[in-house]
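S.K.: First the structure, which I've put down as structure tokens, then a few questions once you've had a look.
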Amino acid sequence: MSTPNPPVPEQFAGVLDWVPTYGHALRKVGIAFEVVRIDGDYGDAVADRLFIAGGVPGPVVENRSRRQALYFFLAPGAGAPYRWPPGTTYLGRRTGEAYVGVPALDGETWPLSWRWQPTPEHPFVDAALLHASL
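Residue 123 is where the sequence shown ends in the working numbering, and the numbering goes up by one at each step.
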């Protein structure tokens, strides 16, 4: 007998349909979000600058496996107008087919975890602010 998925908290209904309710899941980039991946210490430094510039910046996922990286989640189409510099990897609808891991908001999700969770007020990282923080 299978256990039903726990419901998404009411305040997130319709906003975070791309976030799994438990564990983690691969999601196709370019549908519900785009991603800028920044590896290692550079990613941590950019995340710190974003926080200092405006508080909680929106959803950022940490991957703490062999290749440590931060994934900054942008609204669909938000990253396309920018030229992303070396040291960053922009993944959007036009960059080819790509999938990224998305952890649940709670529970066991290793090696993925939220540096900052998405919220109804901040469902995505501001692409302009992220680009300016590089």
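Ideal placement from N, C-alpha and C gives every residue a C-beta, glycine not left out.
All of these numbers come straight from a predicted model, not from anything done at the bench.
Please go through the same chain and pick out, in chain order, the residues whose beta-carbon is closer than 7 angstroms to the beta-carbon of Gly120, but skip the five residues on each side of it.
M.R.: Here residue 120 is His; the residue named in the question, Gly, does not match the sequence. Here the set comprises Tyr71.
S.K.: Give the DSSP bridge partners of His13, in chain order.
M.R.: Pro92
S.K.: Do you know whose CA, among Pro65, Ala14 and Ala42, lies nearest Leu101's CA?
M.R.: Ala14
S.K.: Between the alpha carbons of Gly66 and Gly12, how many angstroms are there, rounded?
M.R.: CA-to-CA, the gap between Gly66 and Gly12 works out to about 27 angstroms.
S.K.: Quick check on Val45: does DSSP put it in helix, strand or coil?
M.R.: Val45 carries a coil assignment under DSSP once its states are collapsed to helix, strand and coil.
S.K.: Roughly how many angstroms lie between the CA atoms of Val114 and Asp95, to the nearest whole one?
M.R.: 20 angstroms
S.K.: Sort Arg56, Phe62 and Gly29 by Cα distance to Tyr79 and report the nearest one.
M.R.: Phe62
S.K.: Since I believe Gly32 is in contact with Leu59 (beta carbons under 8 angstroms), could you give me their beta-carbon distance rounded to a whole number of angstroms?
M.R.: Taking the Cβ atoms as the reference, Leu59 lies roughly 4 angstroms from Gly32, within the contact range of under 8 angstroms.
S.K.: Which stretch, first to last residue, makes up the alpha helix (DSSP H) that contains Leu101?
M.R.: First-last for Leu101: Leu101 to Trp105, but that is the beta strand (DSSP E), not the alpha helix (DSSP H).
S.K.: What is the rounded straight-line gap between the Cα of Leu5 and the Cα of Glu51?
M.R.: 18 angstroms
S.K.: Which stretch, first to last residue, makes up the alpha helix (DSSP H) that contains Thr123?
M.R.: At residue 123 the sequence reads Leu, which differs from the Thr that was named. Neither: Leu123 is in no alpha helix (DSSP H) and is coded neither H nor E.
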